[in-house]
Structures are given as C-alpha cells and as structure tokens.
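Asker:
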Amino acid sequence: MTINQLSIFLENKKGTMLQVFQLLKQANVQLIATTIADTVDYGILRILCDEPSRAYQVLKEGGIAVALSDVFAIELDNKVGRAADAISLFASEGISISYLYSFIIGGKGILIFRTDNADKAREIIILNNMKFVAESDLSALL
Amino acid sequence: MIWNPNKECMSRDEMSALQGRRLHKIVAYVYHNVPFYRNKLQEMDVTPDDINTIEDIRKLPFTTKQDLRDNYPFGLQAAPQSEIIRIHASSGTTGNPTIVGYTRKDIGVWSECMSRCLTAYGVTRDDTFSVAYGYGLFTGGLGAHYGVENLGASVVPTSTGNTEKHVRLIRDLGISGIACTPSYALYLAETMEKMGITKEQIKLRVGAFGAEPWTESMREEIQKRLGLKGYNLYGLSEIMGPCVSYECSEQNGSHICEDHFYPEIIHPDTLEPLPYGQVGELVFTTLTKEGMPLLRYRTKDLCSLMDDTCPCGRTSVRMGRIMGRSDDMLIIRGINVFPSQVESVVLSMPEFAPRYLLIIDRINNLDTLQVQVEVRQEYFTQEMDNLGAIERLEKKLADKLKSVLSISAKVQLKPPGTIERSQGKSKFVIDKRVLK
Numbered sequence: 001m002t003i004n005q006l007s008i009f010l011e012n013k014k015g016t017m018l019q020v021f022q023l024l025k026q027a028n029v030q031l032i033a034t035t036i037a038d039t040v041d042y043g044i045l046r047i048l049c050d051e052p053s054r055a056y057q058v059l060k061e062g063g064i065a066v067a068l069s070d071v072f073a074i075e076l077d078n079k080v081g082r083a084a085d086a087i088s089l090f091a092s093e094g095i096s097i098s099y100l101y102s103f104i105i106g107g108k109g110i111l112i113f114r115t116d117n118a119d120k121a122r123e124i125i126i127l128n129n130m131k132f133v134a135e136s137d138l139s140a141l142l
Numbered sequence: 001m002i003w004n005p006n007k008e009c010m011s012r013d014e015m016s017a018l019q020g021r022r023l024h025k026i027v028a029y030v031y032h033n034v035p036f037y038r039n040k041l042q043e044m045d046v047t048p049d050d051i052n053t054i055e056d057i058r059k060l061p062f063t064t065k066q067d068l069r070d071n072y073p074f075g076l077q078a079a080p081q082s083e084i085i086r087i088h089a090s091s092g093t094t095g096n097p098t099i100v101g102y103t104r105k106d107i108g109v110w111s112e113c114m115s116r117c118l119t120a121y122g123v124t125r126d127d128t129f130s131v132a133y134g135y136g137l138f139t140g141g142l143g144a145h146y147g148v149e150n151l152g153a154s155v156v157p158t159s160t161g162n163t164e165k166h167v168r169l170i171r172d173l174g175i176s177g178i179a180c181t182p183s184y185a186l187y188l189a190e191t192m193e194k195m196g197i198t199k200e201q202i203k204l205r206v207g208a209f210g211a212e213p214w215t216e217s218m219r220e221e222i223q224k225r226l227g228l229k230g231y232n233l234y235g236l237s238e239i240m241g242p243c244v245s246y247e248c249s250e251q252n253g254s255h256i257c258e259d260h261f262y263p264e265i266i267h268p269d270t271l272e273p274l275p276y277g278q279v280g281e282l283v284f285t286t287l288t289k290e291g292m293p294l295l296r297y298r299t300k301d302l303c304s305l306m307d308d309t310c311p312c313g314r315t316s317v318r319m320g321r322i323m324g325r326s327d328d329m330l331i332i333r334g335i336n337v338f339p340s341q342v343e344s345v346v347l348s349m350p351e352f353a354p355r356y357l358l359i360i361d362r363i364n365n366l367d368t369l370q371v372q373v374e375v376r377q378e379y380f381t382q383e384m385d386n387l388g389a390i391e392r393l394e395k396k397l398a399d400k401l402k403s404v405l406s407i408s409a410k411v412q413l414k415p416p417g418t419i420e421r422s423q424g425k426s427k428f429v430i431d432k433r434v435l436k
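The listed protein sequences derive, respectively, from chains A and B.
Just so you know, we're using our numbering here: the first sequence kicks off at 1 and counts up by one.
Just so you know, we're using our numbering here: the second sequence kicks off at 1 and counts up by one.
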C-alpha cells in the first residue's frame, strides 16, 4: 500500500547532488520523480525510481547517507481541486503530513506523501475509495 | 608479561632513592654542560650539591617550549655533537621547530622503554607488528620501530599513507599488532570496510595508540571495528618520543617509566605541585638523558597521577587520561572549553560517528561556537527522512552540549564522510576569531 522512496541526506555543497545522480546513472536506474527539501547547510533529496532496492544498495555502497522510506502514493483525477479534497480528509482526522509532492505521469496525477500516522492514513484512503498506486504501476507508465 | 621487572616492579622506596641519585647526577651534568641551566640555577642560588633527594626537585627551575624555541637549534643540547647519533624535530607550526638530539645511550633507553610498553600490551617475539606512525622527523615512527626490533617481534615499517596497501599487508602478512594515532586507526577501519575486508579476515589483536588525545568511546569504537585491544601509548619528543608511559592489561592509567622520566603535576597558574589524584599540568624531568636533558619540562598536557598499586604487578606511578592541553583550552564567551568535552558528548550518542569539528568565530563582538558532527550512515533511516527529525537530533545534541559546556553551541549535522580526515594528528578546532 506504500511505495519505496529513496531519501538522501546531502551536504549543501557543490557537487554532492551530482554524485548521487551519477551513481544512479551508472547503475542504469530510471528516475520517476525527484524533489529536494533544503536548508542553508543541508538538504534531503527524495527520489522515486524504477528499482528502489537496487538503487538503495548502489548509493549505500557509494557512501551516501540514504534511507528507504515508505511513502503513500495515490492516483487522483487530473482536475482542479482534487488535491485539496484529498488532503482535507487527512486534516479533518488530525493527521499531519510531514511532506508531500505530486507529478503527472501518463496523464495521471500522482500524489506522494508521508504522514505521522500511517495506519490511520491507510484507513482513510481505503474508506474513501482513493486509488493506491503500486511501484509496478508507476514503472508501467514510464 | 613484564619486560623489566627490576625497574617496573621496584619498591617505592628504592625507586625514590634511585630517582634522587639520578636527579643529582643530571643536575650536575646540565650545570656543567648547558649554559642556559647554569645561568638559571645560579640566579636561583642553587648548585648541584643542593639536590640530593627526589624531593629536592622543587628547588629546580621549570623549562618551557618557549625556552626550546629561544635556544634553537642546539642551545639546550648537553652532549657534544660527536656523541649525537640522531636528530628529530617536532612540527614548528607556531615558530621554530623543536630540535632534539639523541646519543647512542638515549636511543638505547628509548628502545628499552618502548619494549616495556609493547610487552605490557602483550606483544611478544612471535608477533608481526606494523608501525604506522609517520617515519621521519616525527619521533613516532622510528621510536616505535626500534622498540619492536629491540623486543624481537617482526616490524613492518608501514608509516602513514597508502592505506589500502596497508590493509592488504595486515591481511596477507597476518599482522597482529599496530602502532598509530587513534584517528588513523579509525581511518584504517573505514578503508578496510570499503575494501570489503572484515575483521574476521585479519589477525590484529593489539593496538598501541597515541600522539593525540582520545577517549574511552573512541577506544571502544576502534576495538569493535578492528577486533583488537587498544592501549594508550604516551610520549613527547622533547622528553624522548613514544615510550614515556603505557597502559597495562588493566587499562586503568598509564605506567610511567619513572626511572628515566620523573613526573610531577603542577597547577598551571601558580606552578605549585599538586597531590596525587588532582588534575593539573604534567611536568617531566629526564633523569638519564644525555643528548638534551630537560629539568621540569612543562608538557601543557592536563592529567592526574595515581600512586595506588596496580593489580598487574608494576609499582610505577600511573598517569590518567590526558584531559586536554592547557594551551588547547578555548575561552569562548569567557568560559573555558576543552575540545575533549565536546568529544565525550558526541561519542556518548550512538547517532554520531567519532568525528567532529569545532568552529569558533566572533560575530558582532560575540563569540560563537559551531559544532559539526557526522551522522552515521546506518543511523540515517526513514525516521530521519525529513527536516523536522534532523532538527530534533540537532537540538538533542545542542542541549547535551549546553549542559556540559555551560555555553550554547550551534550544531550542524553532516552526512557521513564529509568531515575531513587527516592521517596524522587530527585537527578538531578551527578558531576564526581575529583578536586584536
């Protein structure tokens, strides 16, 4: 019900991001989405890709501070207001979203997020008939 | 095993008597051969005949690093140049380097004391021992080297640098002992892990670590990653080099070769001798040295001395861990801060690697302290994948530092491997303050 995201702790310094992408390129990993949260000193780079477990090993062996995070991925109609509708369901149940991002792939809107209460979030998604996206679904849309 | 039970297990009374005789002799020797000491003693109205017991040492003047610099290069040398068979020099980053000449007898004493250290660590003739201190002007490499040869073990003079080759030699030659700085030991462990070599594939069992301050947590870390037992080895080039004191199997303080190097602890400001157990500045008098004997040399190292009996059987006085250096002490916003305090906090938290950097600056006339630490790779898990979690960990460390240091520090977490490694003495502090 969740998918694997690579989370990478990076120093805010010239060349550090490039190193990550070069390692993934050399390992022939296909990226699906990337986003970065940054501060003055460091950043957390988040990556969805076709083979997260293998990519994780590659980065780890390259000495990168990388974690595999379980994140929710749901598919939304590509229409105005759908994200607001979805998020309001979590907000009304008092669930905090620690980070969120979205992208469109194969004409479909994909919302990725992580919450402080995964069990409750899963329940809300099921009760409201939202559509989970599996890793294989994403790869198929590439 | 004990290398020289006659000296290492001497009764306290016999030791004092021996030290008294040797002190008289060395004072007479410098009085007649070193104008610097003759002038000082005459100014204080002291002659060699006034020095008969070891307690008389309090009548003698101190010697400082500055005295060595002022008398560069050979002003404090007592033996004629024809008797000197080796010359070492300490790094001169803050002025003239310190030049130390050794006679053949000095090299013999050095090798003897180094053999005592190695034997206390459990090294025997059957060991293959890698000396990974720098060979050259620094006393570490050659000092340890001669000790291993004197003991009869096989010495592998690896020196520093080319760490991958070193790791291969450790594995292929079945090297069982190593002498290096503790930070180089950690670097070696990292290199080994990167090369995919596990501690089960090597035979290292003894490490002689010294030449920079280290802590118990660092010892545990090195022992765990290299699969050896790590012992403290203390020395300084002005007095001899590595061999001045060493830990035994008890690992509770380092036994001083006090038949050759007489220790005192003094208050760094009043210069008054302090009793056993109290922390102050360590002072050594060389009792037998010919090349460059020193009276009451102030090491700037802060520690305490212990005279209780050690279960290992040695009777010599032991020195506790070096707590810092009197000249390493940082004064930040008027508070005394020792880098070792920061280190103990960092090492007490499993989240962090034993690497840290202190950056001190002065912004708008206010001192600032920044502490950079590396998060361990295995600790960066999905619970840490957001800025909030990282900030919470920063705050946790900042709170602990505040309670230990009494001043606030800005903590900056760094990804693993991003704080610069050095192969020699680690540089833990950058002071950017421009003081007028």
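For every residue, glycine included, the Cβ atom is placed at its ideal position computed from N, Cα and C.
Since the model is a prediction, treat every value here as computed from it, not as a measurement.
Output the distance between the C-alpha atoms of residue 161 (chain B) and residue 132 (chain B), rounded to the nearest integer angstrom.
Answerer: Going from the Cα of residue 161 (chain B) to the Cα of residue 132 (chain B) covers about 9 Å.
Asker: Shorter than 8 Å from the beta carbon of residue 387 (chain B) to some beta carbon of chain A?
Answerer: Closer than 8 Å: yes.
Asker: Can you name the start and end residues of the beta strand (DSSP E) that residue 114 (chain A) belongs to?
Answerer: Note, residue 114 (chain A): beta strand (DSSP E), 108-115.
Asker: Helix, strand or coil for residue 43 (chain A), going by three-state DSSP, please let me know.
Answerer: Looking at residue 43 (chain A) - three-state DSSP - the assignment turns out to be strand.
Asker: Enumerate, from N- to C-terminal direction, the unbroken alpha helix (DSSP H) stretches of 4 or more residues contained entirely within the stretch 167-197 of chain B.
Answerer: The qualifying runs are 182-194.
Asker: Please list the residues of the stretch 350-381 of chain B that have a C-beta atom closer than 8 Å to any C-beta atom in chain A, keeping them in chain order.
Answerer: Here the close residues are 375, 377, 380 and 381.
Asker: Assign residue 93 (chain B) to one of three DSSP states: helix, strand, or coil.
Answerer: Bear in mind that a pLDDT of 48 at residue 93 (chain B), under 50, signals an unreliable position, so the model cannot answer this.
Asker: Using beta carbons (cut-off 8 Å, strictly below), is residue 188 (chain B) in contact with chain A?
Answerer: Residue 188 (chain B) does not count as touching chain A.
Asker: Let me see if you follow: with CB-CB separation under 8 Å, is residue 418 (chain B) close to chain A or not?
Answerer: Taking Cβ atoms only, chain A reaches closer than 8 Å to residue 418 (chain B), which makes this a yes.
Asker: Taking 8 Å as the limit between beta carbons, can you name the residues of its chain near residue 412 (chain B), skipping five residues before and five after?
Answerer: Excluding positions up to five away in sequence, the list reads 370, 371, 372, 373 and 394.
Asker: Specify whether the stretch 29-37 of chain B and the stretch 147-156 of chain B touch according to this definition: at least 3 beta carbon pairs, one from each stretch, less than 8 Å apart.
Answerer: These segments do not touch.
Asker: If the criterion is Cβ atoms closer than 8 Å, does the pair residue 116 (chain B) and residue 8 (chain B) meet it?
Answerer: Yes; because the gap between Cβ atoms is below 8 Å, this pair is in contact.
Asker: For a contact meaning CB atoms closer than 7 Å, what does residue 99 (chain A) contact in chain B?
Answerer: Simply 386.
Asker: Return the chain-ordered ranges of every alpha helix (DSSP H) run that is complete within the stretch 60-85 of chain B and spans a minimum of 4 residues.
Answerer: Here the runs fully enclosed are 65-70.
Asker: Which parts of the stretch 6-44 of chain B are runs of the beta strand (DSSP E), unbroken and 3 residues or longer, counting only runs that do not cross its ends?
Answerer: None, since the stretch 6-44 of chain B contains no complete beta strand (DSSP E) of that length.
Asker: Going by CA-CA distance only, name the one from B:168, B:280 and B:274 that's closest to residue 195 (chain B).
Answerer: Here the closest residue by C-alpha is B:168.
Asker: Please confirm if residue 42 (chain A) has its CB atom under 8 Å from at least one CB of chain B.
Answerer: Closer than 8 Å to some Cβ of chain B, the Cβ of residue 42 (chain A) qualifies, so yes.
Asker: Taking 8 Å as the threshold (C-beta atoms), are residue 124 (chain B) and residue 3 (chain B) in contact?
Answerer: Not closer than 8 Å, so no.
Asker: Give me, in chain order, the residues of the same chain whose beta-carbon lies closer than 8 Å to that of residue 16 (chain A); leave out the 5 immediate sequence neighbours on both sides.
Answerer: Within the same chain, residue 16 (chain A) has close Cβ partners 10.
Asker: Does any CB atom of chain B fall closer than 8 Å to the CB of residue 63 (chain A)?
Answerer: It does: the Cβ of residue 63 (chain A) has a partner Cβ on chain B nearer than 8 Å.
Asker: Just checking, does the stretch 327-342 of chain B make contact with the stretch 357-367 of chain B on the three C-beta pairs under 8 Å criterion?
Answerer: Yes, the stretch 327-342 of chain B touches the stretch 357-367 of chain B.
Asker: For the stretch 213-278 of chain B, which segments carrying the beta strand (DSSP E) assignment without a break, of at least 3 residues, lie completely within its bounds, in sequence order?
Answerer: Runs found: 229-236, 241-247, 254-256 and 261-266.
Asker: Would you say residue 21 (chain A) lies against chain B (beta-carbon separation less than 8 Å)?
Answerer: Residue 21 (chain A) does not count as touching chain B.
Asker: Cα separation between residue 47 (chain B) and residue 78 (chain B)?
Answerer: Their backbone Cα atoms lie some 17 Å apart in a straight line.
Asker: Interface residues of chain A around residue 395 (chain B) at Cβ under 9 Å?
Answerer: Residues of chain A passing the Cβ test: none, with the nearest at roughly 14 Å.
Asker: How about residue 51 (chain B) and residue 16 (chain B): do their beta carbons lie closer than 8 Å?
Answerer: Not a contact, by the Cβ cut-off of 8 Å.
Asker: Can you tell me which residues form a DSSP beta bridge with residue 285 (chain B)?
Answerer: Paired residue(s): B:262.
Asker: Kindly say whether residue 39 (chain A), judged by its beta-carbon, lies nearer than 8 Å to any beta-carbon of chain B.
Answerer: Answer yes: the Cβ-Cβ gap between residue 39 (chain A) and chain B drops below 8 Å somewhere.
Asker: Is the Cβ of residue 102 (chain A) closer than 8 Å to any Cβ of chain B?
Answerer: Not one chain B Cβ lies under 8 Å of residue 102 (chain A).
Asker: For residue 24 (chain A), which residues in chain B fall below 7 Å Cβ to Cβ?
Answerer: Neighbours of residue 24 (chain A) on chain B: none; closest Cβ ~17 Å, over 7 Å.
Asker: Please identify the residue among A:126, A:107 and A:105 whose C-alpha is closest to the C-alpha of residue 72 (chain A).
Answerer: Residue A:126 is the option with its Cα nearest to residue 72 (chain A).
Asker: Let me make sure I understand the geometry here. Which of B:106, B:84 and B:72 has the alpha-carbon closest to that of residue 90 (chain B)?
Answerer: Checked all of B:106, B:84 and B:72; the closest Cα to residue 90 (chain B) is B:72.
Asker: Based on the DSSP output, what are the partners of residue 75 (chain A) in its beta bridges?
Answerer: Its beta-bridge partners are A:110 and A:131.
Asker: Measure the CB-CB distance between residue 304 (chain B) and residue 265 (chain B) and report whether it falls below 8 Å.
Answerer: For residue 304 (chain B) and residue 265 (chain B), yes; Cβs fall inside 8 Å.
Asker: Can you check whether the CB of residue 210 (chain B) is closer than 8 Å to the CB of residue 185 (chain B)?
Answerer: Not closer than 8 Å, so no.
Asker: Cβ closer than 9 Å: which chain B residues qualify as neighbours of residue 10 (chain A)?
Answerer: Simply 415.
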